[in-house]
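Enquirer: In terms of our numbering, the sequence shown is numbered consecutively and its last residue is 232.
Where a beta carbon is used, it is the ideal one built from N, C-alpha and C, also for glycine.
Next up is a structure, given as structure tokens.
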Amino acid sequence: MKLIEEFIGISGEVCNGRQGRPTYFVRLAGCNLRCKWCDTKHAQEGFKYKDSPANVAKRIKESGINHVLITGGEPLLQMRSVNALLDKCFGLDSTIETNGSMDWRAVDSCYRSSGHKAVLVIDFKLPSSGMTSKMRPLFDFFLSHQYFYHKGIIKFVISTQKDLACFYNIMEKGDLKNPSAMKNFPGVIAVSPIFGKKKQEVSHQELVEAVCKYKNTVLSVQIHKILGVR
Ligand code: SF4
3 MKLIEEFIGI SGEVCNGRQG RPTYFVRLAG CNLRCKWCDT KHAQEGFKYK
53 DSPANVAKRI KESGINHVLI TGGEPLLQMR SVNALLDKCF GLDSTIETNG
103 SMDWRAVDSC YRSSGHKAVL VIDFKLPSSG MTSKMRPLFD FFLSHQYFYH
153 KGIIKFVIST QKDLACFYNI MEKGDLKNPS AMKNFPGVIA VSPIFGKKKQ
203 EVSHQELVEA VCKYKNTVLS VQIHKILGVR
């Protein structure tokens with residue numbers, strides 16, 4: 003698999019289990035999107051090193067950390083390697099972060115065959131990212147969630163009023179390709195402000211109001227960035 007880095011830190015956002023838990027990060031190389039506010043541009047192209055899923059899993063197990071987070075870039079561009087790594091990490095909690103443009107159903111087969119307790123976090127890109135047109139229908143995930151997943155999380159980074167309007171539209175009416183409301187999604191919906199480079203136009207209070215409007219919705223802030231840690 004093509005990698006950028008592996009390191010141990012805390013899970014700074016919503017994940018499989020508690021925010022802030024010790025986590026072994028596996029950052030895969032390459033991304034098919036170019037979000038305007040991307041904070042991991044170094045993972046968009048090229049790679050730092052290659053290694054086998056078996057070797058990566060060996061290092062994870064030797065670390066003694068029981069939560070692995072597979073991120074990128076876009077990890078599902080290397081779906082076979084991700085599935086192989088999940089298999090090798092059987093027994094550990096795992097979280098996969100994907101950008102919402104990929105077909106996540108290929109990860110399903112691994113979950114179903116192994117009974118793996120993995121969580122998929124779909125980072126659905128709202129208009130300020132410039133990538134909304136590339137997103138897959140969220141309602142597919144709603145349906146898959148009911149049948150296949152142990153848990154699932156859909157994350158919305160809300161920066162502008164246009165993002166907020168799009169979020170409400172999806173919750174109440176479904177996304178553009180599937181007119182079915184997401185407010186009954188059985189997993190977790192995470193709402194997050196943007197951090198750093200771009201101005202946060204929507205107030206934090208407006209985010210709290212959005213969260214309090216729906217069940218199964220949480221406010222997620224990137225605590226590692228606030229604290230300046232990994
Ligand atoms: S999906 Fe993630 S890594 Fe890819 S461009 Fe967007 S923010 Fe950056």
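Is it the case that the segment 3-19 contacts the segment 90-98, given that we only count it when at least three CB pairs across the two stretches are under 8 Å?
Expert: Touching, per the Cβ criterion.
Enquirer: Quickly, what does DSSP pair R36 with across the bridge? List them, please.
Expert: Mapped onto the sequence shown, residue 36 falls at position 34. In the DSSP output, where bridge partners are listed per residue, R36 has none listed.
Enquirer: Have a look at S238 and G102 and give me their C-alpha separation to the nearest angstrom.
Expert: Limits of the chain in this structure are 3 at one end and 232 at the other, which puts residue 238 out of reach.
Enquirer: Is L166 helix, strand or coil by DSSP?
Expert: As a first step, residue 166 must be located in the sequence shown, where it is residue number 164. Three-state DSSP puts L166 in a helix.
Enquirer: Mind listing which residues have their beta carbon within less than 6 Å of any non-hydrogen atom of the ligand SF4? Chain order is fine.
Expert: Going by the Cβ distance cut-off, the answer is C33, L35, R36, C37, C40, T42, A45, Q46, G74, G75, E76 and N101.
Enquirer: Confirm, please, whether the CB-CB distance from P55 to L78 is below 9 Å.
Expert: Mapped onto the sequence shown, residue 78 falls at position 76. Mapped onto the sequence shown, residue 55 falls at position 53. Against a cut-off of 9 Å, the Cβ pair of P55 and L78 comes out as no contact.
Enquirer: Hey, out of K38, E64 and H69, whose CA is closest to Y26's CA?
Expert: Within the sequence shown, numbered from 1, the residue matching residue 26 stands at position 24. Of the candidates K38, E64 and H69, the one whose C-alpha sits nearest the C-alpha of Y26 is H69.
Enquirer: What is the DSSP secondary structure of L229, reduced to helix, strand or coil?
Expert: Translated into the one-based positions of the sequence shown, residue 229 becomes position 227. L229: helix per DSSP, three-state reduction.
Enquirer: Reducing DSSP to helix, strand and coil, say where K52 ends up.
Expert: Here residue 52 refers to the residue found at position 50 when the sequence shown is read from its first residue. Of the three classes helix, strand and coil, the one that applies to K52 here is strand, per DSSP.
Enquirer: By DSSP, does L79 sit in helix, in strand, or in coil?
Expert: Reading the sequence shown from its first residue, position 77 is the one you call residue 79. Helix at L79.
Enquirer: Taking its Cβ as the centre, do 16 or more other Cβ atoms sit within 10 Å of I172, making it buried, or is it exposed?
Expert: Reading the sequence shown from its first residue, position 170 is the one you call residue 172. So I172 counts as buried.
Enquirer: Can you tell me which of the three DSSP states V84 falls into?
Expert: For this step, residue 84 is matched to residue 82 along the sequence shown. Of the three classes helix, strand and coil, the one that applies to V84 here is helix, per DSSP.
Enquirer: Determine, using beta carbons only, whether K30 and V84 come nearer to each other than 9 Å.
Expert: Position 28 of the sequence shown, counted from the start, is the residue given in the question as residue 30. Position 82 of the sequence shown, counted from the start, is the residue given in the question as residue 84. Sequence inspection shows Leu at residue 30; the Lys mentioned does not correspond to that position. For L30 and V84, yes; Cβs fall inside 9 Å.
Enquirer: So the beta strand (DSSP E) L128 belongs to, where does it begin and stop?
Expert: Walking along the sequence shown from the start, residue 128 turns up at place 126. Premise fails: L128 is in no beta strand (DSSP E) and is neither H nor E.
Enquirer: So, A108 versus M81, is the Cβ gap smaller than 9 Å?
Expert: Position 106 of the sequence shown, counting from 1, holds the residue named residue 108. Position 79 of the sequence shown, counting from 1, holds the residue named residue 81. Yes, these two residues count as a Cβ contact at 9 Å.
Enquirer: Given a cut-off of 9 Å on the beta-carbon distance, is the pair A212 and I155 in contact?
Expert: Position 210 of the sequence shown, counted from the start, is the residue given in the question as residue 212. Position 153 of the sequence shown, counted from the start, is the residue given in the question as residue 155. No, Cβ-Cβ distance for A212 and I155 is not below 9 Å.
Enquirer: Using the rule of at least 16 other Cβ atoms within 10 Å of the residue's Cβ for burial, across every protein chain shown, is C214 buried or exposed?
Expert: Your numbering for residue 214 matches position 212 in the sequence shown. It is exposed - the Cβ of C214 has fewer than 16 other Cβ atoms within 10 Å.
Enquirer: Give every residue of the same chain whose Cβ lies closer than 6 Å to the Cβ of P24, excluding the five residues on either side of it in the sequence, and list them in chain order.
Expert: Reading the sequence shown from its first residue, position 22 is the one you call residue 24. Cβ within range, chain order: I67.
Enquirer: Mind checking whether K175 and K217 have CB atoms under 9 Å apart?
Expert: As a first step, residue 175 is located in the sequence shown; it is residue number 173 there, counting from the start. As a first step, residue 217 is located in the sequence shown; it is residue number 215 there, counting from the start. No, they are not a contact pair.
Enquirer: By Cβ distance, which residues of its chain are closer than 7 Å to F9, with the 5 residues on each side in sequence left out?
Expert: Residue 9 sits at position 7 when you count from the first residue of the sequence shown. So the qualifying residues of the chain are F27 and R232.
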